[in-house]
Amino acid sequence: MSTAKVTTTRRRRPDAKCPLRPGEPCTLCQACVTGPQDCGLVYLIMDDPEAREAFAQSKRVAADR
1 MSTAKVTTTR RRRPDAKCPL RPGEPCTLCQ ACVTGPQDCG LVYLIMDDPE
51 AREAFAQSKR VAADR
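Just so we're aligned, residue 1 is where the sequence shown starts under UniProt numbering, counting upward by one.
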């Protein structure tokens with residue numbers, strides 16, 4: 001009879017990152033949100049071309065500092 005020990009490793013779920021606040025985790029700041037993939041604010045910014053460009057411009061300005 002073999003007494004081999006089976007070890008299992010637990011995997012941590014990756015932390016979702018907020019695409020609107022680079023480097024910060026998604027804090028699930030809206031009700032019924034499970035992450036950036038179903039966040040209404042992320043959707044509004046990324047779906048509106050003008051808002052997306054303004055957001056990208058603010059990121060470029062912040063990166064230049």
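Built from N, CA and C at the ideal position, the CB exists for glycine as well.
All values derive from a computational prediction rather than experimental measurement.
Residue 17 has 25 as its beta-bridge partners, per DSSP. When the five nearest sequence neighbours on each side are left out, the beta carbons in the same chain lying within less than 8 Å of the beta carbon of residue 23 are those of 17, in order along the chain. Boundaries of the alpha helix (DSSP H) around residue 40: 40–47.
The beta carbon of residue 20 sits closer than 8 Å to those of 41, 42, 45, 55, all from its chain and outside the five residues before and after it, given in chain order.
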